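What follows is a set of notes on a single structure, which appears directly below.
2 protein chains.
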Amino acid sequence: MAGAKDNNLSASLEDYLEAIYNLAAESKVARSKDIAKLLSVAKPSVTGALQILRKKGLANYEAYGFVTLTGAGRAAAAEIARKHEILKSFLTDVLGIEPGLAQRAACKAEHTLGPKVISRLLGFIEFVGNENDSGYDLAGKFKKYYARKRTR
Amino acid sequence: MAGAKDNNLSASLEDYLEAIYNLAAESKVARSKDIAKLLSVAKPSVTGALQILRKKGLANYEAYGFVTLTGAGRAAAAEIARKHEILKSFLTDVLGIEPGLAQRAACKAEHTLGPKVISRLLGFIEFVGNENDSGYDLAGKFKKYYARKRTR
DNA sequence: TGACAAAGTTAGAACCGCCTAACTATATTA
DNA sequence: TAATATAGTTAGGCGGTTCTAACTTTGTCA
Numbered sequence: 412m413a414g415a416k417d418n419n420l421s422a423s424l425e426d427y428l429e430a431i432y433n434l435a436a437e438s439k440v441a442r443s444k445d446i447a448k449l450l451s452v453a454k455p456s457v458t459g460a461l462q463i464l465r466k467k468g469l470a471n472y473e474a475y476g477f478v479t480l481t482g483a484g485r486a487a488a489a490e491i492a493r494k495h496e497i498l499k500s501f502l503t504d505v506l507g508i509e510p511g512l513a514q515r516a517a518c519k520a521e522h523t524l525g526p527k528v529i530s531r532l533l534g535f536i537e538f539v540g541n542e543n544d545s546g547y548d549l550a551g552k553f554k555k556y557y558a559r560k561r562t563r
Numbered sequence: 412m413a414g415a416k417d418n419n420l421s422a423s424l425e426d427y428l429e430a431i432y433n434l435a436a437e438s439k440v441a442r443s444k445d446i447a448k449l450l451s452v453a454k455p456s457v458t459g460a461l462q463i464l465r466k467k468g469l470a471n472y473e474a475y476g477f478v479t480l481t482g483a484g485r486a487a488a489a490e491i492a493r494k495h496e497i498l499k500s501f502l503t504d505v506l507g508i509e510p511g512l513a514q515r516a517a518c519k520a521e522h523t524l525g526p527k528v529i530s531r532l533l534g535f536i537e538f539v540g541n542e543n544d545s546g547y548d549l550a551g552k553f554k555k556y557y558a559r560k561r562t563r
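Now the structure itself:
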């Protein structure tokens, strides 16, 4: 087998994967420079990460060339992005946290939550939406509750 | 100043601090061996961490002696433990996740969540409890919703 | 009290992730 | 097309966290 499928990605490598995934989604191509900027790291750090991702069979990449994800890489990245979205959604839609902070918090926490927690969280977000449809407005009620609490 | 108060604790050092805090809470004394066991690390790793915590002014510690926390150390540890409790509480009481998994997930995620998110989460747990008192039983409703969803 | 067990430490190495400095390759443009 | 600007790479180093092996200190108990 060419690429050893070591599924255990470090938080750092997950970040690189997600960055490539997102950049490719908007501009078809992920350039090393943009990855570096997005993650606020120096260029050599990106090169190093790309070499590891290639070795793991997650990224198609050759020196001085474009970067794309393999099927496995895309699958892994999609899962990470999904976690990110669910978390961010919970933070903004349920807890009412500002988008900027929610974005940053989701980015940090997304690496630590396993499938079970994520699945529950997703279910909870749906549930809250449903309650809202049925006229209960959970998020709104919490918002008021929290505001009242703060002024006590 | 003797101990440089570098507030930026790594996740790893936070783990050591929390371990000492919890061990001291139950047996008055935190022994190096128990810290190692609790965190699943080798003994020299504990020694190294203790030296750093001492240098940071968070732990009172001398070679071959007992380990206690300084005032600053206790304050920092309490804050970490508080995050842990809030997170675990949310996972078990609101999302209905089993205590064991919730414990482990909280342990990982507690290092990534800032004060704002924690504060909101705490507020939300209180809110859910309140709703429960007023006969709404949010957690119970979600539990049913989630069970139904899974069988669809 | 002296030997042995348990606990703790020091030394040295490895790995990870990041950096800067210096180099090479590619792209641009005059 | 040749000079220059931009992008990417290699080499080497640093801090953080962990390990094993070997040592020292402390505690126990016959």
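Residue numbers (our numbering), protein chains in the order written: chain A, 412 to 563; chain B, 412 to 563.
A virtual CB, placed ideally from N, CA and C, is assigned to each residue, including glycine.
These numbers come from a predicted model, not from an experiment.
Query                                                                                                                                                                                                   : Result
Is there a C-beta anywhere in chain B that falls below 9 Å from the one on asparagine 418 of chain A?                                                                                                   : no
Starting from tyrosine 472 of chain B, follow its DSSP beta bridges and name the residues at the other end.                                                                                             : B:Val478
At a CB-CB cut-off below 7 Å, which residues of chain A make contact with threonine 523 of chain B?                                                                                                     : Lys519, Ala520, Thr523
Check each candidate in B:Phe477, B:Ile497, B:Tyr547 and name the one with the smallest Cα separation from lysine 439 of chain B.                                                                       : B:Phe477
Does the distance from the CB of leucine 597 of chain B to the CB of isoleucine 463 of chain B come in under 9 Å?                                                                                       : The question about residue 597 of chain B has no answer here: the residues shown for chain B are numbered 412 through 563.
Distance check for alanine 520 of chain A and alanine 571 of chain B, CA to CA, integer angstroms please.                                                                                               : Absent from the model: residue 571 of chain B. The displayed extent of chain B is 412 to 563, so no value can be given.
Just to confirm, is the Cβ distance from arginine 420 of chain B to asparagine 433 of chain B under 9 Å?                                                                                                : The amino acid occupying residue 420 of chain B in the given sequence is leucine; arginine does not appear at that position. No, Cβ-Cβ distance for leucine 420 of chain B and asparagine 433 of chain B is not below 9 Å.
Leaving out five residues before and five after lysine 454 of chain A in sequence, what residues of the same chain have Cβ atoms less than 6 Å from its Cβ?                                             : Ala447
Quick check on the DSSP output: the alpha helix (DSSP H) that includes lysine 527 of chain A runs from which residue to which?                                                                          : 526 to 544
Does the beta carbon of glutamate 542 of chain A sit closer than 9 Å to a beta carbon anywhere in chain B?                                                                                              : yes
Using beta carbons (cut-off 9 Å, strictly below), is glycine 506 of chain A in contact with chain B?                                                                                                    : The displayed chain sequence assigns leucine, not glycine, to residue 506 of chain A. Yes, contact with chain B.
CA-CA distance, threonine 458 of chain B and lysine 499 of chain A?                                                                                                                                     : 39 Å
Would phenylalanine 501 of chain A and phenylalanine 538 of chain B qualify as a contact pair, given that the criterion is a beta-carbon distance under 9 Å?                                            : no
What residue from A:Ser545, A:Thr479, A:Asp544, A:Glu490 has the CA that sits closest to glutamate 437 of chain A's CA?                                                                                 : A:Thr479
Nearest to proline 526 of chain A by alpha carbon, out of A:Ala487, A:Arg515, A:Ser545, A:Val452?                                                                                                       : A:Ala487
By DSSP, does arginine 441 of chain A sit in helix, in strand, or in coil?                                                                                                                              : Per the sequence shown, residue 441 of chain A should be read as alanine rather than arginine. Strand, per DSSP.
Which chain A residues are close to leucine 461 of chain B, counting only those with a beta carbon under 7 Å from its beta carbon?                                                                      : In chain order: nothing, as chain A lies at least about 25 Å away.
Please work out which residues of its chain come closer than 8 Å, Cβ to Cβ, to leucine 549 of chain A, disregarding the five sequence neighbours upstream and downstream, and give them in chain order. : Val505, Val539, Glu542, Asn543
Whole angstroms is fine: what's the gap from proline 510 of chain B's alpha carbon to glycine 546 of chain B's?                                                                                         : 25 Å
Report the CB separation of leucine 533 of chain B from glycine 484 of chain B in whole angstroms; it is logged as a contact under 8 Å.                                                                 : Not a contact, Cβ separation roughly 23 Å.
Assuming isoleucine 431 of chain B contacts alanine 492 of chain B under a Cβ cut-off of 8 Å, what Cβ separation, rounded to an integer in Å, is found between them?                                    : Actually they are not in contact, since the Cβ atoms of isoleucine 431 of chain B and alanine 492 of chain B sit about 11 Å apart, beyond 8 Å.
Which of the three DSSP states, helix, strand or coil, is assigned to glycine 507 of chain A?                                                                                                           : coil
If we ignore side chains and look at the alpha-carbon of each, how far apart do glutamate 496 of chain B and alanine 517 of chain B end up?                                                             : 8 Å
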